[in-house]
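**Student:** Chains as they are written, first to last, in the numbering used here: chain A, 241 to 699; chain B, 76 to 374.
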Amino acid sequence: MKKSLTFALALTLTAVVVGAFIYQAWPQNAKTPLVPPAEKKVANERVGEGVGVGWSVQDDPAAAVAEAINMARQRMGTATPKFAYAVFTVDYDPDQVIGEFRKQLDPSIRIHGLTSAYGIMTNEGLHKGKVGAVAIMLIGSDRLDFGTGMVDLDQAKTPEEAGQAAIRQAIKDAGRTEKDIPNFVIINGTPRRGDDMEVLDGIADVIGKDTLVIGGTSGNDTNDPTWRQFTRQETLTNGLLLTAVYTDRKVGWAFESDFKVTDKSGIVNKSQGKIAYEINGRPALDVYNEWLGGGLLNQISKLSFIDLMKVTALNPLGRVIRNDEGLEGIYTIQPSPTPDNLKDRALPLAAAMPQGSEIRLLAATWQTIMNRAENIPRQAFIKGAMTPQDALFGIMIICRGAAYALPETELPKIPVLTDNVVEGMPFIGVISRGEQGLLEGIRNVNANLVESMVVVGQK
Amino acid sequence: MRTLPRIILGATVPILVGAIFTSYFSIYQQVSCARSGLIAQYQDTANLLAKEVEVGYYESKWPFENLASLTQKSDFQFWWIIDESGHIYLSNDSAYMGTDAASYFPQINRQPDQEGFVSAGRNGGGVYFKNFEAGQKQWSFWLGFSLASLNQIIQRIVLVNVLVALVSFLVIAVALYFIIRQAMSPLDDLVRGTRTIAEGKLDHRIDTQGGGEFGYLATAFNSMAEKVQGQYRELEAKVKERTAELEKASAQLAVEKKSALEKAGELERVNAVMIGRELKMVDLKGENDALKKQLGDKL
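Okay, structure coming up:
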């Protein structure tokens, strides 16, 4: 009995010693974060320069609009706003939000209103609430005149006529005549029709092909027409909304995809609207598939629409255009094939591709898209011969298709990086499905996968 | 037998204690080595990326993809690019961008061209920082890591060391048992031999092949047993001799006794004859007396 007790005690003691040793040496959980949650960012806020940007992510549309307007009013100082660039995401009830904008903004304020896909960007980051986001830029600075014009594309005889009518309305609304060419035009339209180039032709008929028409097409992450274009008076789904801007201040802009041009090129022999049927005399999808190394056809049936967009966003087509003097420019058009195209071998595109177009395969990485967040505003400042401190405000457009190609963590960095470069210059960024801008010396184009920014200086 | 367990216990307890201490210091050494190796890896990575960031600054191209690849590491915590004002210019997590870096790690040296490791958190994690100049501005690249992978390494090291220690201990204990038992077996023979001899089997002898002290003892034991057996034999012989003498004397005594008995019988027979005669004589005398009486009467 005594012998057994001694043995049990010795065994227990040994187990305790070994156990204590293992416990002591066993590492503790190291997953504890090294840093606490982020502190609130100190925004590069500028106040009292006659321009203010406000935003809100409140669930209630009325409260969200009120918060955004109040924030913008506080930031713009004592100036009286005369123009509102009003944006909301497609997740809200559009009529409710638009109604609140009209109700809460003084009737004297012109409204250029549009929807944004996914979220809205400002100096303080990417805003995307539980329901959605609302943002507004109020401009009350002197030496700036605005005139808005909007037409229903479905009601116009031709897209060219729609363009002409909208720009004429905008010029008239600004109290100017057609002889007074605006410094630039802010454009917003429907993503549905694919006749944006014709619309731009119509605008060019009135103000010339060298006037900057910059903006983006409304859009969302589905093909449901939840997008809107709206002014003080009217709301449209298939509208063309233009704002003619007159100023004696400096204006700078950038409109870039920044993609590399590869050695793969061809001629679109057969196309209609946004669908290319033949490239180099062969089915367009087969040629594009070969250009991408031959793996695309397998992916078309396996990948989701969004995942497929991620692939094509980094390998778009570049359409080559030239002016009368032979000056060459390339703008990006994103292919968006679907499983149906495995039968007809056609290649649907996110922008129109006229028959006979000369195309090149472009290539990029998501790093390229991220770096545009700083490079685009820098280019805009250079173009406008101004420093960030000289700038009054900016309007930025980012393509949703390009954003698809970014890892989930990266998109929110874009407005922060932009804010780092613009050093607090108020800006508002819209996420679009098709971007319009000027290939300098050639013409305004409707492209995809582009980031653009227009900045107006203080001087 | 109690000696064997005592010897084994006395030998294994120090071995166990030694194994624990050896394992502890071995683990400490291995963990230190692994930790230094991991920190060195992060240092190399941070230096490489800081260089890429510096080059990227001049080319207006941040190396987003290489920076993003850092986040795949299991023990990655964060990377920050700090601008001249001390704000986080770029981070893996956009929530930290624009915030004051020093508010998280005030101990990090922001002097130009400095680099180093600042320990933070548990299990040796921390921040490797590298300060550099680009575009006439001071920048700093910070790479935070928890050394979570060191945890796995430590766990492996602890388990392997404890297992090795336990197996070694068991092997040593079992080996000791057999060695000691082997060494102690002559003693067992001695004990058994003593018992056997005590039982009277004086011809029992012990194996003396082992040599050593136990061999000497066995030889001495056998010698002692030999002597005891010899003395016993002598004693036994003397007993036999005495017994024979006694038996001879006894036989003679028996013969003499028989002779005496025979003589006594003869005497008894003579005596009986004599007594018979005597009795006859008495009878005759009686008859004589009766006759005399009769005769007297008649006479």
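In this text, a Cβ means the ideal position worked out from N, Cα and C, and glycines have one as well. Only a predicted model underlies this, so the values are computations on that prediction, with no experimental measurement involved.
Spatial neighbours of isoleucine 272 of chain B within its chain, please: C-beta separation below 8 Å, excluding the five flanking residues on both sides.
**Tutor:** His279, Ala300, Val303
**Student:** Is it buried or exposed, alanine 625 of chain A, if we count other Cβ atoms within 10 angstroms and call 16 or more buried?
**Tutor:** exposed
**Student:** Taking C-beta pairs closer than 8 Å, name the residues in chain A that asparagine 167 of chain B reaches, listed in chain order.
**Tutor:** Neighbours of asparagine 167 of chain B on chain A, chain order: Thr649.
**Student:** For valine 685 of chain A, which residues does DSSP report across the bridge?
**Tutor:** Answer by DSSP bridge pairing, in chain order: A/Gly677.
**Student:** For the stretch 248-277 of chain B, which residues have a CB atom closer than 9 Å to at least one CB atom of chain A, in sequence order?
**Tutor:** none
**Student:** Quick one: Cα of aspartate 435 of chain A to Cα of glycine 513 of chain A, how far?
**Tutor:** 7 Å
**Student:** Pick from B/Thr174, B/Met172, B/Ile157, B/Gln105: whose alpha carbon is nearest that of asparagine 184 of chain B?
**Tutor:** B/Ile157
**Student:** Between phenylalanine 328 of chain A and glycine 112 of chain B, what straight-line distance do the alpha-carbon atoms span, to the nearest angstrom?
**Tutor:** Take the alpha-carbon of phenylalanine 328 of chain A and the one of glycine 112 of chain B: they are about 52 Å apart.
**Student:** Quick one: which unbroken alpha helix (DSSP H) runs of 4-plus residues sit fully inside the stretch 528-580 of chain A? Chain order, please.
**Tutor:** For the stretch 528-580 of chain A, whole alpha helix (DSSP H) runs of length 4 or above, ordered along the chain, are 536-542, 545-553.
**Student:** Check whether the Cβ atoms of valine 690 of chain A and glutamate 675 of chain A lie closer than 7 Å to each other.
**Tutor:** The criterion of a C-beta distance shorter than 7 Å is satisfied by valine 690 of chain A and glutamate 675 of chain A.
**Student:** What did DSSP end up calling tyrosine 669 of chain A once you bin it into helix, strand or coil?
**Tutor:** Correcting the residue identity first, residue 669 of chain A is glycine in this sequence and not tyrosine. Strand at glycine 669 of chain A.
**Student:** If you follow the alpha helix (DSSP H) that valine 485 of chain A is part of, which residue opens it and which one closes it?
**Tutor:** First-last for valine 485 of chain A: 479-487, but that is the beta strand (DSSP E), not the alpha helix (DSSP H).
**Student:** Residues of chain A with CB under 8 Å from phenylalanine 139 of chain B, in chain order?
**Tutor:** Trp606, Gln607, Met610, Asn611, Glu650
**Student:** How would you list, in chain order, the residues of chain B whose beta-carbon sits under 7 Å from the beta-carbon of proline 273 of chain A?
**Tutor:** Gln152
**Student:** Where does the unbroken beta strand (DSSP E) through tyrosine 164 of chain B begin, and where does it stop?
**Tutor:** 163-166
**Student:** Give the residues of chain B in contact with threonine 362 of chain A, contact being defined as C-beta atoms less than 7 Å apart.
**Tutor:** Near threonine 362 of chain A there are no residues of chain B at all, since even the closest Cβ is about 13 Å away, more than 7 Å.
**Student:** Which word fits phenylalanine 220 of chain B, buried or exposed, when buried means at least 16 other C-beta atoms lie within 10 angstroms of its C-beta?
**Tutor:** With 16 or more other Cβ atoms from the protein chains shown falling within 10 Å of its own Cβ, phenylalanine 220 of chain B counts as buried.
**Student:** On a CA-only basis, which of B/Lys136, B/Pro261, B/Ala177 is nearest threonine 608 of chain A? Give me that one, please.
**Tutor:** B/Lys136
**Student:** Taking C-alpha atoms, which residue in A/Ala592, A/Asp564, A/Ile570, A/Asn563 lies nearest to serine 576 of chain A?
**Tutor:** A/Ala592
**Student:** Can you list the alpha helix (DSSP H) stretches of 4 or more residues lying completely in the stretch 315-393 of chain A, in chain order?
**Tutor:** 334-344
**Student:** State the Cα-Cα distance for the pair tryptophan 531 of chain A and tryptophan 295 of chain A, rounded to the nearest angstrom.
**Tutor:** Taking the straight line from one Cα to the other gives about 43 Å.
**Student:** Reducing DSSP to helix, strand and coil, say where threonine 146 of chain B ends up.
**Tutor:** Reduced to three states, the DSSP call for threonine 146 of chain B is coil.
**Student:** What do you get for isoleucine 407 of chain A, buried or exposed, if any count of 16 or more other CB atoms within 10 angstroms of its CB means buried?
**Tutor:** buried
**Student:** Grab the span of the alpha helix (DSSP H) containing serine 221 of chain B for me, first residue to last.
**Tutor:** Careful: serine 221 of chain B lies outside any alpha helix (DSSP H) and carries neither H nor E.
**Student:** So for serine 511 of chain A, helix, strand or coil by DSSP?
**Tutor:** strand
**Student:** Applying the 10 Å Cβ sphere with the 16-neighbour rule, what's the burial state of arginine 612 of chain A?
**Tutor:** buried
**Student:** Is alanine 620 of chain A near valine 695 of chain A, with beta carbons less than 7 Å apart?
**Tutor:** yes
**Student:** Do threonine 320 of chain A and glycine 387 of chain A come within 7 Å of each other at the CB atom, strictly closer than that value?
**Tutor:** no
**Student:** Starting from valine 656 of chain A, find everything on chain B with Cβ-Cβ shorter than 7 Å and list it in chain order.
**Tutor:** Ser169, Met172, Gly173
**Student:** Just to make sure I have the definition right: I need the residues of chain B whose C-beta is within less than 7 Å of the C-beta of glutamate 496 of chain A. Which are they?
**Tutor:** Going along chain B, no residue has its Cβ under 7 Å from glutamate 496 of chain A, so there is no contact; the nearest lies around 12 Å.
**Student:** Is there a C-beta anywhere in chain B that falls below 7 Å from the one on lysine 623 of chain A?
**Tutor:** Contact of lysine 623 of chain A with chain B is not assigned, every C-beta pair being separated by 7 Å or more.
**Student:** For the 8 Å Cβ check, are there 3 or more pairs between the stretch 553-570 of chain A and the stretch 475-486 of chain A?
**Tutor:** The answer is no - the stretch 475-486 of chain A does not touch the stretch 553-570 of chain A, with fewer than three Cβ pairs under 8 Å.
**Student:** Using the rule of at least 16 other Cβ atoms within 10 Å of the residue's Cβ for burial, across every protein chain shown, is threonine 252 of chain A buried or exposed?
**Tutor:** exposed
**Student:** Looking at lysine 623 of chain A: is its Cβ nearer than 7 Å to the Cβ of glycine 492 of chain A?
**Tutor:** yes
**Student:** Rounded to the nearest angstrom, how far is the Cβ of cysteine 639 of chain A from that of serine 672 of chain A, given a contact under 8 Å?
**Tutor:** 6 Å
**Student:** Roughly how many whole angstroms lie between the Cα atoms of aspartate 331 of chain A and valine 371 of chain A?
**Tutor:** 6 Å
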